[in-house]
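Each protein sequence line maps, in turn, to chains C and A.
Numbered per the numbering used here, the first sequence spans residues 1 to 321.
Numbered per the numbering used here, the second sequence spans residues 1 to 301.
Working notes, structure below.
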Amino acid sequence: MEQIITAVVAVVAVPLILLGYITLGERIIERLPETLQAWIRPYYWALPAVGFATVFMVYPLVRTVFISFYNSTGDKFVGWDNYHYFFTFPDTLTSLRNSILWLVFFTFFSVFFGLIIAILLDRVRYESLAKIAIFLPVPISAVAASIIWKFMFDYQVPGTTQTGTLNAILGSFGRDPIAWLINLSTNNAALIFVGIWSATGFCMVIISASLKAISSEVLEAARIDGANEFQIIQLVVTPLLWPTITVVGTTMLINALKTFDIVYVMTNGAYNTDVIATQMFRQLAGAHYGRAAAVGVVLFVAIVPLLIVNIRRFQQQEEQR
Amino acid sequence: MSAERVTTRGQTAVGAGVSALDSLGYRLQRLPLHIVIAIFVAIWIIPTVGMVINSFRGVADMSQAGWWTTLFPPHGFSFASYQQVLNLEGVAPSILYSVLITIPATVIQLAIATMGAYAFAWMKFPGRNIFFIVIVGLMVVPIQMTLIPVLQIFKAIHLNGTIYAVWLAHSGYGLPFEVFLLRNYLGGLPREIFESAEVDGAGHSVRFLRIAVPMTLPAIASLTIFVFLGVWNDLLVALTFLGVSVFRPFTVVIAQLTTSLGGGWQFLTAAAVLQMILPLAVFIALQRYFVRGVTAGSVKG
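This is how it looks when you write it as structure tokens:
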């Protein structure tokens, strides 16, 4: 009950406080000399946002680097020990390997399927309806998606009735069921596919938007020149979509590295399915702060190139403004 | 011409005036296209449909026969799973806590972000570009990189395990993206409006509240949907700061039940359905805003 009241109070009070912050602050700033106003005002306005970003992102970022060089209680400097642990211990190495698998396959297939589906749907009348179906998994949480797919992958001992959709299909072809999430040769692929299934709709929508921007005349010209549909897709459409594909691809690379929910809910890292993010959480939950921080830093270092790409792209866009 | 633009590219390629035989041949030629699309649509929709159907079956039925058997009589629908899940300790309250986390967290971060975005869009100050580049960089920083220090801050000020901690953490993590997006939108508004308001003697607070905020409402609306569902669907932040607290939200409870139950988790289908009703309803009701919100970050930049 108390929680409900505070939530309602927060919803009403926070905007009011900001309103007061703005009006009162402006009243004071307006009284100041002109030159001082120009100095103080922007910082005053940006302060809440910049403050939040500093406390919750910039400071923790720096602090995590420090923590990664200390032991789990944070009172003893251990140098590179935590990193040494990460790059030598079999479990953490497995998580590194799996994250690379996610990076490659999740990114490639979500963008690839997104592209293919966008191109195919561009040619049929029921496009918008089919798009809804493909996009449907996007609003679904990874937690719910995991339960959805636990049913798809469900496994019963051979000879009994298979309740999992995939194994029932295998059974109807007279094949033995597969323990998708336990079998070491299928489980990572299975998890990555759930990720692809969740992300394809996102890729499709974005690629489709820039596909619509390609003028029909360009395609018409290619057809008149005698190109068949496959050639058109390969030689005309895909190159024109390339800038969008790289943007979507970068986003997917970042998502691949951050993957956590699906693995945590579906296998919790069992049977060699851990990824960096779940490994980090495991160390954190075990209060191995130094090691957890080191894993976080590794994750961050992996993302730095993508971060630079993003900033470059932003700067290019700024020049065009 | 305009009518032709609405029709799809495959049809315009053929154009009008083809004979019936050509049209049949054309249709046959396009059959593989429809089949491939049908396969994709099936893979993307059947898993969800199957689970929803399963959630309305008896728990024993679920572990004895696949969901598709229910499509034929006797159907044997039941609400047993829903009853079982909602009676499970902590589940019903966790739905309430999800609401109590999501709404304030969304309001707090959007209010702060709008104000910050206005400063970045319409005020000139030394260091503005550097600050903004840092914000662009922060958008992709994995939150794993920040969890430990933030956890330590919350412990130090005795907020760990409270709903307030999650409000603040979500706000901090969401702000860079929101400031970025709203600043781009605000910056795209016509300069003349702000200048003429300034000439009329309107201060920044008036320009912000009377001009900037109302004109930004479409962007704020899309962003609200996006942020709201992001927090509603979040697992990692809530798990870190509320993992052992009584205020665990719905996602955390479902995830913990799934990992702890091992066998007999089937009735959790009901929980999953309850968890995804809200996002799906929002998506279907507000499709255009929703898609715009989800895609805004990477399309327009």
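Every residue gets a Cβ at the ideal spot worked out from N, C-alpha and C, and that includes glycine.
None of these values were measured; they are calculated from a predicted model.
Taking Cβ to Cβ, would you say residue i is nearer than 8 Å to residue j?
i, j, result
"residue 121 of chain A", "residue 187 of chain A", "yes"
"residue 57 of chain A", "residue 48 of chain A", "no"
"residue 190 of chain A", "residue 60 of chain C", "no"
"residue 136 of chain C", "residue 266 of chain C", "no"
"residue 302 of chain C", "residue 64 of chain C", "no"
"residue 57 of chain C", "residue 138 of chain A", "yes"
"residue 161 of chain C", "residue 266 of chain A", "no"
"residue 282 of chain A", "residue 193 of chain A", "no"
"residue 274 of chain C", "residue 122 of chain C", "no"
"residue 198 of chain C", "residue 233 of chain A", "no"
"residue 256 of chain C", "residue 103 of chain C", "yes"
"residue 91 of chain A", "residue 253 of chain A", "yes"
"residue 255 of chain A", "residue 182 of chain A", "no"
"residue 81 of chain A", "residue 270 of chain A", "yes"
"residue 296 of chain C", "residue 71 of chain C", "no"
"residue 104 of chain A", "residue 167 of chain A", "yes"
"residue 268 of chain A", "residue 258 of chain A", "yes"
Do you know whose CA, among the options, lies nearest residue i's CA?
i, options, result
"residue 97 of chain C", "C/188, C/240, C/253 and C/37", "C/188"
"residue 251 of chain C", "C/108, C/180 and C/296", "C/108"
"residue 10 of chain C", "A/54, A/53 and A/101", "A/101"
"residue 293 of chain A", "A/283, A/223, A/244 and A/247", "A/223"
"residue 110 of chain C", "C/249, C/306 and C/274", "C/249"
"residue 72 of chain A", "A/53, A/39 and A/85", "A/53"
"residue 228 of chain C", "A/22, A/113, A/24 and A/29", "A/29"
"residue 315 of chain C", "A/85, A/97, A/36 and A/180", "A/180"
"residue 268 of chain C", "C/143, C/307 and C/24", "C/143"
"residue 117 of chain A", "C/47, C/84 and C/106", "C/47"
"residue 130 of chain A", "C/282, C/235, C/50 and C/31", "C/50"
Which bits of chain A does residue i rub up against, with CB to CB less than 7 Å?
i, result
"residue 258 of chain C", "142"
"residue 268 of chain C", "259"
"residue 1 of chain C", "In chain order: nothing, as chain A lies at least about 10 Å away."
"residue 4 of chain C", "100"
"residue 133 of chain C", "41, 44 and 45"
"residue 52 of chain C", "112, 171, 172 and 175"
What does the alpha-carbon distance come out to for the pair residue i and residue j?
i, j, result
"residue 27 of chain C", "residue 115 of chain A", "16 Å"
"residue 210 of chain C", "residue 300 of chain C", "31 Å"
"residue 163 of chain C", "residue 185 of chain A", "50 Å"
"residue 203 of chain C", "residue 312 of chain C", "22 Å"
"residue 89 of chain C", "residue 279 of chain C", "12 Å"
"residue 199 of chain A", "residue 147 of chain C", "59 Å"
"residue 75 of chain C", "residue 81 of chain C", "14 Å"
"residue 6 of chain A", "residue 287 of chain C", "Note that residue 6 of chain A scores 40 on pLDDT, short of 50, meaning its location in the model is unreliable; the coordinates nonetheless yield the value given after this. Looking at the two C-alpha atoms, the distance is approximately 59 Å."
"residue 158 of chain A", "residue 238 of chain A", "16 Å"
"residue 246 of chain A", "residue 230 of chain A", "22 Å"
"residue 262 of chain C", "residue 5 of chain C", "34 Å"
"residue 197 of chain A", "residue 112 of chain C", "49 Å"
"residue 218 of chain A", "residue 191 of chain C", "37 Å"
"residue 239 of chain C", "residue 157 of chain C", "49 Å"
"residue 55 of chain A", "residue 128 of chain C", "28 Å"
"residue 310 of chain C", "residue 145 of chain A", "18 Å"
"residue 150 of chain C", "residue 173 of chain C", "21 Å"
"residue 322 of chain C", "residue 106 of chain A", "The structure shown has nothing for residue 322 of chain C, since chain C only spans 1 to 321."
"residue 172 of chain A", "residue 84 of chain A", "37 Å"
"residue 37 of chain A", "residue 43 of chain A", "10 Å"
"residue 193 of chain C", "residue 290 of chain A", "24 Å"
"residue 11 of chain A", "residue 225 of chain C", "No answer about residue 11 of chain A holds up, because its pLDDT of 48 lies below 50 and its placement is not dependable."
"residue 126 of chain C", "residue 133 of chain C", "11 Å"
By the criterion of Cβ-Cβ separation under 8 Å, what are the contact partners of residue i in chain A?
i, result
"residue 236 of chain C", "Within chain A, no residue comes near residue 236 of chain C; the closest Cβ sits about 12 Å away, beyond 8 Å."
"residue 149 of chain C", "47"
"residue 197 of chain C", "43, 44 and 47"
"residue 291 of chain C", "Per Cβ cutoff of 8 Å: no residues; residue 291 of chain C is ~10 Å from chain A at best."
"residue 78 of chain C", "Here the premise fails: no neighbours, minimum Cβ distance about 15 Å."
"residue 23 of chain C", "205"
Residue i touches chain C at which residues, Cβ-Cβ below 7 Å?
i, result
"residue 324 of chain A", "Given that chain A is displayed from residue 1 to residue 301, the structure contains no residue 324 of chain A and the question cannot be resolved."
"residue 302 of chain A", "This structure cannot settle anything about residue 302 of chain A, because the visible part of chain A is limited to 1 through 301."
"residue 36 of chain A", "120"
What does residue i touch in chain C if you count any residue whose Cβ is under 8 Å from its own?
i, result
"residue 202 of chain A", "Within 8 Å Cβ-Cβ: nothing; residue 202 of chain A doesn't reach chain C, min ~11 Å."
"residue 279 of chain A", "139, 140 and 141"
"residue 276 of chain A", "139, 140, 141 and 144"
"residue 108 of chain A", "10 and 14"
"residue 64 of chain A", "161 and 163"
If I'm right that residue i touches residue j with Cβ under 8 Å, what's the distance once you round it to whole angstroms?
i, j, result
"residue 236 of chain A", "residue 108 of chain A", "The Cβ separation is near 19 Å, so there is no contact."
"residue 207 of chain C", "residue 115 of chain C", "5 Å"
"residue 117 of chain C", "residue 40 of chain A", "6 Å"
Note down, in chain order, every chain A residue with its Cβ under 9 Å from the Cβ of residue i.
i, result
"residue 71 of chain C", "Per Cβ cutoff of 9 Å: no residues; residue 71 of chain C is ~13 Å from chain A at best."
"residue 7 of chain C", "99, 100, 101, 103, 104, 163 and 167"
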